[in-house]
Amino acid sequence: MNDFSNNEIKFKEILHEHSALLLTLISNNQEETEDIQRNLNELEQEWNRIEINLNQCQNQLEQAMIESNEFNTKLECVSTWFDDTSFPLTTEDNNEFERIRIFKEHLDCKYLDIINLKQDYTDIEQHKQQRNDGTIQQDQHDMEENEKTNLVEEQLINIDSKWTQLNDKIQEHKTLIYETALRQNRIDDVINDINRSLDNCSSKLSVLINSSSDINLNDMKQIEISIAKLRILLNDIELISYDIEQLKQNSSEDQNSIALVNNQWEELLKQATDKYNYLENKLEYMKLKQKTIDHIYYELDLIDKQVNESTINTKFPLLVERLEFIEEEINKEFSNDNNNNQQIEELKSNVSTVENFSNMFFVMIG
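Counting with the working numbering, you get residues 3 to 368 for the letters of the sequence shown.
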């Protein structure tokens with residue numbers, strides 16, 4: 003920015019000096035004087051536009067650095083947690099069932115941290131792409147950015163893998179604990195632990211159902227978080243089936259209790275699966291709508307650019323026709339959509355603005 007400011011001073015000095023001299027030389031020719039003056043005004047406007055764009059880029063860069071630093075800090079914290087965490091294996095502790103449950107809760111929280119990191123990373127990459135669109139990047143800079151991107155992606159994959167390994171290790175250890183308890187004829191302890199697991203899953207499902215009611219389903223990120231929580235929950239529910247099967251194979255007593263546990267498990271799995279599928283379909287629908295909105299914005303930007311760079315040869319009737327088509331598309335696609343009201347209103351406003359400019363330029367040139 004300092005270089006730009008210094009060059010701006012030099013530019014204005016040169017422009018003022020040479021334009022004054024040029025206008026003096028052609029002062030007897032009114033038409034040429036007006037042309038030169040108009041070109042000078044356009045040149046100054048273009049310089050001002052460049053300055054505004056540069057300021058915007060500077061602000062975006064500063065914001066991107068803040069986001070990047072915050073992301074790197076979060077990523078490092080989660081990565082360090084997995085590097086420093088292991089599940090101590092013991093089968094002698096009387097509170098082993100509870101210890102497994104507590105550790106699993108911590109691990110599930112870290113899974114949500116991973117999901118949040120992936121969302122933040124996606125946002126950063128999208129913002130970076132938007133900043134890069136329409137600009138010429140140096141090859142070396144591109145290579146450095148790609149290397150950073152690859153390193154982050156590798157780190158996220160590595161964290162994912164560590165989460166899976168710990169989750170598998172917990173289940174393996176839980177199986178051993180159940181085997182030990184069943185050999186000691188502690189069937190009630192195993193049934194009570196399975197019931198507690200089912201109750202915990204049922205409580206979590208109730209919270210998820212209430213928090214993801216239709217009135218809260220306007221934000222794709224929130225839906226993704228709810229889906230991630232349901233994915234964890236479904237994984238936990240499905241793992242309980244192995245616990246129940248282990249109980250069936252090692253106990254011929256109290257079949258009624260085992261049948262009740264199994265029925266509760268089946269109902270819980272159905273409810274969680276139905277909610278998961280509903281949110282997945284909802285998210286897919288919203289992504290398709292957002293893709294349509296993004297495409298409309300892209301079309302508007304193209305038309306707006308053509309209007310701003312218009313000449314006597316610009317076919318304004320065709321531009322207006324395209325705008326009318328876009329307006330019809332908005333009304334058709336979003337007539338019954340209450341989830342994007344503000345965005346749709348902004349979109350319609352942009353269409354109207356571009357259409358007014360098109361008509362105005364058409365009148366001026368025509």
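C-beta atoms are modelled at their ideal positions from N, C-alpha and C, and glycine is treated no differently.
Just so you know, these numbers come straight off a predicted model, no measurement behind them.
In the DSSP annotation of this structure, the continuous segment of the alpha helix (DSSP H) that includes residue 228 starts and ends at 222 to 252. Residue 57 carries a helical assignment under DSSP once its states are collapsed to helix, strand and coil. Residue 266 and residue 168 have their C-alpha atoms some 27 Å from each other. DSSP, reduced to helix, strand and coil, places residue 215 outside both helices and strands of the structure shown, so it counts as coil.
Contact annotation: the region 208 to 227 touches the region 271 to 287, with at least three C-beta pairs closer than 8 Å.
Counting C-beta pairs with one atom in each stretch, the region 195 to 207 and the region 245 to 257 have three or more that are closer than 8 Å, which means they touch. With three or more CB-CB distances shorter than 8 Å, the region 116 to 125 counts as touching the region 149 to 168. Taking a C-beta distance under 7 Å as the contact criterion, residue 228 and residue 281 qualify as a contact pair.
DSSP, reduced to helix, strand and coil, places residue 87 outside both helices and strands of the structure shown, so it counts as coil.
Inter-segment contact for the region 169 to 177 and the region 94 to 111 is present: three or more beta-carbon pairs are separated by less than 8 Å.
Within a 10 Å sphere around the beta-carbon of residue 336 sit 16 or more other beta-carbons, which makes this residue buried. In this structure, DSSP gives residue 279 a helical state, which the three-state scheme calls helix.
Taking a cut-off of 8 Å for Cβ pairs, the region 102 to 112 and the region 64 to 76 do not touch, as fewer than three such pairs fall below it.
The Cβ atoms of residue 184 and residue 252 sit closer than 7 Å to each other. With contacts defined as CB atoms closer than 7 Å, residue 161 and residue 234 fail to qualify as a contacting pair. Judged by beta-carbon spacing, residue 285 lies beyond the 7 Å limit of residue 239, meaning their Cβ atoms are not closer than that value. Judged by beta-carbon spacing, residue 321 lies beyond the 7 Å limit of residue 295, meaning their Cβ atoms are not closer than that value. Just so you know, the alpha carbons of residue 74 and residue 127 end up roughly 13 Å apart. With at least 16 other beta carbons inside 10 angstroms of its own, residue 203 counts as buried. Excluding sequence positions up to five before and after residue 171, its CB lies within less than 7 Å of the CB of 89, all in the same chain and listed in chain order.
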